[in-house]
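A short worksheet on the structure shown next.
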Amino acid sequence: MTMEKLYEQDPFLTRFSAHVESCIQGKRGYDVILDQTAFYPEGGGQPYDLGVLGPVQVLEVHEREGRVVHTCDGPLEPGAQVEGQIDWERRFDLMQHHSGEHIVSGIAHAKWGCDNVGFHMGSDFITIDLNVLLDGDQLQELEEAANRYIWEDHPISITFPSPEQLATLEYRSKKALTGRVRIVSFPGADTCACCGTHVASSGQVGFVKLLSVQKFREGVRIELVCGSRALRYVNSILAQNHQVSTLLSAKAFETGAAVQRLTEENAALKSRLLSMEEDRFASLARQLTGAGDVLLFEEGLTPDSLRRLCDAVLQTCGGRCACFSGVDGQGYKYAVGQLEGDLRAFAKEMNQSLNGRGGGKPGFVQGSVQADHGAIQAFFSAAG
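Heads up, the sequence shown stops at 524 in the working numbering, and the numbers go up one at a time, no gaps.
Next comes the structure, spelled out in structure tokens:
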């Protein structure tokens, strides 16, 4: 018996009645087959629908040998009539994105001869892989053209042409097709063989926003969002920009310049700090000339600063130099060096004794320990 696929007839159908033909316990739940269904199974790059069948939740939907299999969290009695309900918010979001993908891909194909060679609908954004390398100006033109088409609110049609009609039709398809072919048409933008669910007119996509583009093989991979998801994205960006605006006391459209100023000020402060550190390290090196083995504790140093301090003192002390920076209860970073011999066995013993980790070259090791000031001093006193 042929299952009636209601989602092909009316993608806006959210409630339906059906008879349970079979229910078999599977690995992920109970696999239910109905005489008809509005649940879209995963396929063509579009994820499956979710929802309920009577008292049970629909967890997954897949097509097997032409039948739609609903994997549910509980059993249903074969022969029983059940009421199905689609998770409409999820379905419409997927419809907006699938239709948006067609519009973007179709316009890219018409303008620059791009073929869509990959398509994935994720929970945060969708990706489209095009086989032509588009530059920034072309991508901006693509986004603007797609949104103009959306706002013109063109009707979308779905047809099942005869083989004779199909032979004369120009349409996009990733593979050779046989049998009954479903054609989704976006007049003036795209005509494509597709089994997915779509909005009724382009205006229902809302708008499309390209989020990022990266080179992919010989072309580009585009991340984008549509409709309500695009609105949430814009609202999130605006909220973050408002936070930056408040923190920097800058107007909303001047945050970029404010961050640039802050970056330049930070770079200048880092340069001054580096100069002050160099003076401090040189002074310590002079004070410790000929001191032999040295253990130093300095507050607030980065791993790079520790390395530079250790290197400066090592040139004058005439022994091993061990530099630590940190706080009791949070641990210490270290840099240890000596001009002659191999430090690595000593570093291994130190890490074992002080709950540390790290390593390096024969003459220099760097890492961190989870020990307090007193324990570090005791270890080096015992080490001699």
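We treat Cβ as the ideally placed atom computed from N, Cα and C, and that holds for glycine.
So, at 6 Å on beta carbons, what are the nonlocal neighbours of residue i in its own chain, with the 5 sequence-adjacent residues on each side left out?
i    : result
L274 : V360
D171 : I164, V209, T211
T429 : T456
Residues in the same chain with beta-carbon distance under 8 Å from residue i, minus the five sequence neighbours each way, listed in chain order, please.
i    : result
I377 : none
F421 : R448, L449, A452, V453
K349 : E283, L364, V365, C366, A370, Y373, V374
According to the Cβ coordinates, are residue i and residue j closer than 9 Å?
i    : j    : result
I173 : R207 : yes
I516 : L483 : no
A475 : F504 : yes
C463 : L441 : yes
C332 : V345 : no
Three-state secondary structure (DSSP) at residue i?
i    : result
H260 : strand
Y311 : coil
H159 : strand
Q478 : coil
K391 : coil
G168 : Per the sequence shown, residue 168 should be read as Arg rather than Gly. Of the three classes helix, strand and coil, the one that applies to R168 here is coil, per DSSP.
C303 : It should be noted that the sequence gives Pro, not Cys, for residue 303. The answer is helix: DSSP assigns P303 an H, G or I state.
I173 : strand
I296 : coil
V384 : helix
D255 : coil
G191 : strand
H210 : strand
E223 : strand
G240 : helix
L441 : coil
V272 : coil
H338 : coil
L153 : coil
G430 : coil
G328 : coil
G471 : strand
What are the residues that DSSP puts in a beta bridge with residue i?
i    : result
V353 : I362
A333 : I323
A462 : L435, V476
R497 : S508
V348 : C366
K145 : T177
Q186 : G183
E203 : V208
Would you please state the rounded distance, in angstroms, between the beta carbons of residue i and residue j? I believe it to be under 8 Å.
i    : j    : result
V160 : G253 : Between G253 and V160 the Cβ distance is about 49 Å, and since that is not below 8 Å, they are no contact.
F265 : L190 : 19 Å between Cβ atoms; not a contact.
Q186 : M261 : 6 Å
Y180 : Y147 : 5 Å
Please work out which residues of its chain come closer than 7 Å, Cβ to Cβ, to residue i, disregarding the five sequence neighbours upstream and downstream, and give them in chain order.
i    : result
G466 : Y472, K473
F326 : H242, I243, G246, H294, I296, S342
G432 : C457, G458, G459
L193 : V172, H210, C212, L216, V222, G224
A390 : A398
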